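Protein chains in written order, with our numbering: chain A, 76 to 425; chain B, 15 to 239. Report on one structure; see the data block that follows.
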């Protein structure tokens, strides 16, 4: 009997040790608030994060195997898409909105520029199914993955059996995206007292707190709510933002407030990518606001900034760039899995 | 020692299994007096048009049994996806001693379930009952074609859902049920009315039309035993 107890407890220890090492602890700095994502429903593990990363970079998610998530969310651009004002998808189709940067997603409750998606897990469905993005559906993606030896292995590693389900796929994709935490900018180092601002950056920080912080709230540099920032409607798109979803006129022209982190990597700016340079953005906030019924109260009075103040503010904004995040090898294309570039691998060969 | 425990557990499970009665809910689609067959054309009365129903899928949730106004049983499985192409019945394991006179359930998922992210089993988004462009479950999906519909390929598509006020689509249903089995007719000739097919052949987002159509679906249901 004693022997049995001993063997049993040894077994339990080994199992729990294994579970412990395979777990991934979600790390974030102490100056960040508590994440809103419910990790209890989707416990992070190294194998699931890895599965999510492979899915993120695999064009198998699109109808014709040509477009992956990374096509429009490149790690080198803080997971945004530079040079393109609007997203592009299969068959060279152009979408309706600017692909947003992906990081610090664990602190966000609503997704897309219009808030159409209420949970990170379900976000991936939108680009997968959009006819001008990946033009696919989850049912067919699951079927494709089920016949892939690569994914049989990856799902077995992650979930202890090779069964592919929509839930597992979506949760693994969430896991990878949750690990995209940007918190190593100069600003973060200053807050952690590991660095200090120059005089110019400090002046810019003061201006930022005065004019920008109520919407682009530190330390995430967005309060992740929705606002009308006074952009005139682009008549080629007629995009009314949140109202397209809620059908309430008080939501007209409300778009999700983007973060100001990593702006040097994520041009162009705004939901339709209309501004290529940060100077144009500052010009908009100081001289370009178009009044309308739903305009954010903070923008009802003109923001006056002298050219010197604009330079100071810009100096501060540049301290929000996080090169450690942008060049983090853990987030990059998984060469060890795909070998070559993803487009060179016929999906039926895997 | 181990064998004894195992034998006790097995016999206890077997005993509980014996003690349970099987209650069953089934759904039968109808067109007038006929049982509707998916993909088959039916003539529409008072017109020269015909209609074909291809897809019928819907969620039945939170089933409970009642006796004289008191709840005596609630199903531990909260969400059941009915797909008339593959499965039209729900089996419940109800303890033997329980007697009941009424069944209650909901058509559609509750609002909290719509905000919890990726779910498993019948709620898995891979069943095509979750909107991609906007979060939320499609509670009832009816697709088909009719020469009445002035749409591409004469298709009609009703993807009825919506969990936010004021356009919540979840419907509560209460029927008398004294026996172990209840069969519920779904008369599609009442649900897919001429005017609806003509004026709103496509309802694919939350809103008043979704509410109107799901209410009509609910009201058309007819219990038989």
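Glycine included, every Cβ here is placed at the ideal spot set by N, Cα and C. Everything numeric in this text was worked out from a predicted model, so none of it was measured.
Can you give the Cα-Cα distance for residue i and residue j, rounded to whole angstroms?
i	j	result
residue 94/B	residue 122/B	9 Å
residue 369/A	residue 101/B	49 Å
residue 425/A	residue 223/A	Its pLDDT being 43, under 50, residue 425/A is placed unreliably by the model, and nothing is read from it.
residue 211/B	residue 246/A	39 Å
residue 412/A	residue 110/A	30 Å
residue 220/B	residue 226/B	11 Å
residue 143/A	residue 228/A	20 Å
residue 133/B	residue 196/A	9 Å
residue 114/A	residue 135/B	20 Å
residue 271/A	residue 339/A	20 Å
residue 231/A	residue 126/B	31 Å
residue 170/B	residue 218/B	10 Å
residue 182/B	residue 124/B	9 Å
residue 371/A	residue 56/B	55 Å
residue 41/B	residue 202/B	12 Å
residue 205/A	residue 46/B	38 Å
residue 34/B	residue 332/A	55 Å
residue 233/B	residue 102/A	52 Å
residue 380/A	residue 178/B	42 Å
residue 120/B	residue 414/A	50 Å
residue 67/B	residue 99/B	11 Å
residue 328/A	residue 359/A	16 Å
residue 386/A	residue 264/A	22 Å
residue 199/A	residue 248/A	8 Å
Taking residue i as part of the alpha helix (DSSP H), name the residues at either end of that continuous run.
i	result
residue 249/A	241 to 253
residue 273/A	Segment: none, residue 273/A is in no alpha helix (DSSP H) and carries neither H nor E.
residue 116/B	Run containing residue 116/B: none in the alpha helix (DSSP H); it sits in the beta strand (DSSP E), 116 to 121.
residue 185/B	Looking at the DSSP string, residue 185/B is not in any alpha helix (DSSP H); the run it does join, the beta strand (DSSP E), is 185 to 190.
residue 321/A	318 to 321
residue 219/A	213 to 221
residue 386/A	382 to 393
residue 326/A	Note, residue 326/A: premise wrong, no alpha helix (DSSP H); not H, not E.
residue 399/A	398 to 401
residue 123/A	121 to 132
For residue i, list the residues DSSP reports as bridge partners.
i	result
residue 43/B	200/B
residue 156/A	DSSP output for residue 156/A lists no bridge partner at all.
residue 155/B	71/B and 173/B
residue 66/B	55/B and 159/B
residue 331/A	301/A
residue 84/B	81/B
residue 205/B	Answer is none; residue 205/B lacks a bridge partner.
residue 101/B	97/B
residue 144/B	151/B
residue 266/A	Answer is none; residue 266/A lacks a bridge partner.
residue 48/B	45/B
residue 106/B	37/B
residue 370/A	303/A
Out of the options, point me to the one whose CA is closest to residue i's CA.
i	options	result
residue 161/A	308/A, 348/A and 179/A	348/A
residue 403/A	358/A, 316/A, 256/A and 323/A	256/A
residue 433/A	392/A, 211/A, 345/A and 333/A	Residue 433/A cannot be examined here, being either before or after the span of chain A that is shown, 76 to 425.
residue 187/A	181/A, 202/A and 179/A	202/A
residue 140/B	147/A, 137/A, 267/A and 244/A	244/A
residue 115/B	164/B, 194/B, 184/B and 42/B	194/B
residue 137/B	60/B, 58/B and 73/B	73/B
residue 299/A	219/A, 353/A, 193/A and 269/A	193/A
residue 319/A	130/B, 148/B and 235/B	148/B
residue 294/A	102/A, 98/A, 107/A and 100/A	107/A
residue 199/B	190/B, 192/B and 44/B	44/B
residue 220/A	133/A, 301/A and 306/A	133/A
residue 230/B	163/B, 154/B and 161/B	154/B
residue 146/B	236/A, 241/A and 181/A	241/A
residue 236/A	376/A, 276/A, 324/A and 122/A	122/A
residue 53/B	157/B, 62/B and 191/B	157/B
residue 302/A	190/A, 135/A and 131/A	190/A
Let's see if you can read the secondary structure: which residues bound the beta strand (DSSP E) around residue i?
i	result
residue 236/A	Premise fails: residue 236/A is in no beta strand (DSSP E) and is neither H nor E.
residue 102/A	No beta strand (DSSP E) contains residue 102/A, which DSSP labels as neither H nor E.
residue 96/B	93 to 97
residue 236/B	236 to 238
Tell me whether residue i counts as near the ligand NAD, meaning its Cβ is closer than 7 Å to at least one heavy atom of that ligand.
i	result
residue 149/B	With respect to small molecules bound, the structure shown includes none, and the ligand NAD cannot be examined in it.
Of all the residues that make up the segment 246 to 272 of chain A, which are near chain B by a beta-carbon distance shorter than 7 Å? 246
Positions along the segment 124 to 146 of chain B whose CB lies within less than 9 Å of some CB in chain A: 128, 129, 130, 131, 132, 133, 134, 135, 137, 138, 139, 140, 141, 142, 144, 145 and 146
For the segment 210 to 224 of chain B, which residues have a CB atom closer than 8 Å to at least one CB atom of chain A, in sequence order? 221
So if I threshold CB-CB distances at 7 Å, which residues from the segment 221 to 248 of chain A count as touching chain B? 240, 241, 242, 245 and 246
Interface positions of the segment 309 to 326 of chain A facing chain B (Cβ-Cβ less than 9 Å), listed along the chain: 320, 321 and 322
Cβ-based contacts, 7 Å cut-off: residues of the segment 147 to 175 of chain B near chain A: 147, 148 and 149
At a CB distance below 8 Å, what residues from the segment 193 to 207 of chain A approach chain B? Give them in sequence order. 193, 194, 195, 196, 197, 200, 201, 203, 204 and 205
Against chain B, which members of the segment 274 to 307 of chain A pass a CB distance test of less than 7 Å? none
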